[in-house]
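Okay, structure first, notes after.
Residue numbers (this note's numbering): 1 to 319.
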């Protein structure tokens with residue numbers, strides 16, 4: 001979980017070094033490489049985590065952060081940088097067009113309490129938010145916005161940025177075999193909360209899967225008791241038989257999930273779809289199923305299949 005790693009890094013280095021500089025992209029336009037929500041933390045020894053878009057801009061801002069930390073100079077500023085070469089007064093030095101607004105703040109021991117609350121909230125997957133404004137950074141408990149990110153700017157002294165945290169996108173991987181293991185590994189890099197489900201006890205690939213946040217050995221008949229519906233929930237069905245695939249789909253097709261995908265050959269998919277039609281499911285329901293799962297890259301190995309599934313999920317999430 002990238003966000004959790006970032007905040008733990010910040011807490012650790014405040015305790016070790018006394019201060020850390022945090023940079024947050026609060027707004028972006030057009031082809032800006034840094035998008036709203038991107039974050040980066042820098043220490044006085046030039047240790048860093050995260051990114052605000054890379055390139056000359058990031059290098060320059062990191063150098064400034066290191067200088068300010070070593071000079072014990074606290075910073076708190078909001079600045080809009082334009083990616084138009086050197087043609088603009090507030091140029092980032094990059095030529096990709098667009099612009100991004102960056103908030104930069106020195107975090108010290110006085111911020112530890114809010115940072116600890118952020119970490120606890122992420123670990124517990126509780127609905128909460130972080131808020132930035134001219135006064136600094138605060139943790140906002142149970143003030144959850146409909147939009148993931150809100151940036152409201154009136155002028156330099158009147159603005160705020162609020163970002164939901166802890167309500168992660170969640171992927172339910174139905175099937176704890178080799179593909180389930182590989183997919184867990186890939187999705188762990190994409191900041192998803194991973195729930196791995198299988199009906200088979202003592203499955204070795206389940207036991208060695210250290211990427212899943214939760215592992216459940218349950219009957220597929222009970223699967224709905226273990227799933228949260230909504231636009232943050234994704235389903236990848238990669239179970240070991242077409243019977244368990246069909247049973248799972250029967251439970252899910254009239255429920256609200258952002259994505260439902262099923263692994264299988266074209267022949268298997270055709271058979272499962274026909275069986276579901278015979279059970280009374282209509283074409284609109286069946287069209288919800290991404291199957292064969294994943295984008296077409298002629299994948300063969302579990303790792304290749306996992307990458308193709310992750311790519312399709314990213315496409316759906318970002319559409």
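Don't be surprised by glycine CBs; every beta carbon is placed ideally from N, CA and C. This one's a predicted model, so the numbers in the text were calculated from it and none came from an experiment.
{"Item": "Find the nearest neighbour of residue 210 within the set 183, 306, 222, 269, judged by alpha-carbon distance.", "Value": "183"}
{"Item": "Measure the C-alpha to C-alpha separation of residue 170 and residue 204 and round it to an integer number of angstroms.", "Value": "23 Å"}
{"Item": "Please check the pair residue 125 and residue 193, which I expect to be a contact at CB under 8 Å, by giving their CB distance rounded to whole angstroms.", "Value": "6 Å"}
{"Item": "I'd like the ranges of any alpha helix (DSSP H) spanning at least 4 consecutive residues and lying wholly in the segment 208-232.", "Value": "none"}
{"Item": "Assuming residue 151 and residue 64 are in contact, meaning their beta carbons sit under 8 Å apart, how far apart are those beta carbons, in whole angstroms?", "Value": "At roughly 22 Å, the Cβ-Cβ gap does not stay under 8 Å, so residue 151 and residue 64 are not in contact."}
{"Item": "Looking at residue 269 and residue 175, is the spacing between their C-beta atoms short of 9 Å?", "Value": "no"}
{"Item": "Quick one: measure Cβ to Cβ for residue 218 and residue 199, integer angstroms, because I've assumed they're closer than 8 Å.", "Value": "7 Å"}
{"Item": "Below 8 Å CB to CB, which residues in the same chain sit around residue 148 once its five sequence neighbours on both sides are set aside?", "Value": "37, 163, 164"}
{"Item": "What does a CB cutoff of less than 6 Å around residue 49 pick up in its chain, not counting 5 residues either side in sequence?", "Value": "6, 9, 41"}
{"Item": "From residue 95 to residue 311, what distance separates their C-alpha atoms?", "Value": "With a pLDDT of 47 at residue 95, under the threshold of 50, the modelled position of that residue is not reliable, and the figure given next carries that caveat. The alpha-carbon atoms of residue 95 and residue 311 are separated by roughly 28 Å."}
{"Item": "Quick one: give me the first and last residue of the beta strand (DSSP E) that residue 193 is part of.", "Value": "193-198"}
{"Item": "Taking only the alpha-carbon atoms, compute the straight-line gap between residue 106 and residue 39 and give it to the nearest angstrom.", "Value": "13 Å"}
{"Item": "What separation, rounded to the nearest whole angstrom, lies between the Cα atoms of residue 78 and residue 102?", "Value": "6 Å"}
{"Item": "Three-state secondary structure (DSSP) at residue 36?", "Value": "coil"}
{"Item": "With a CB to CB cut of under 8 Å and the five nearest residues on each side skipped, what residues in its chain are close to residue 88?", "Value": "Confidence is the limiting factor: at residue 88 the pLDDT is only 48, short of 50, which leaves the residue's position unreliable, though a coordinate-based value still follows. Answer for residue 88: 82, listed in chain order."}
{"Item": "Rounded to whole angstroms, what's the CA-CA distance from residue 104 to residue 122? Just pull it up for me.", "Value": "22 Å"}
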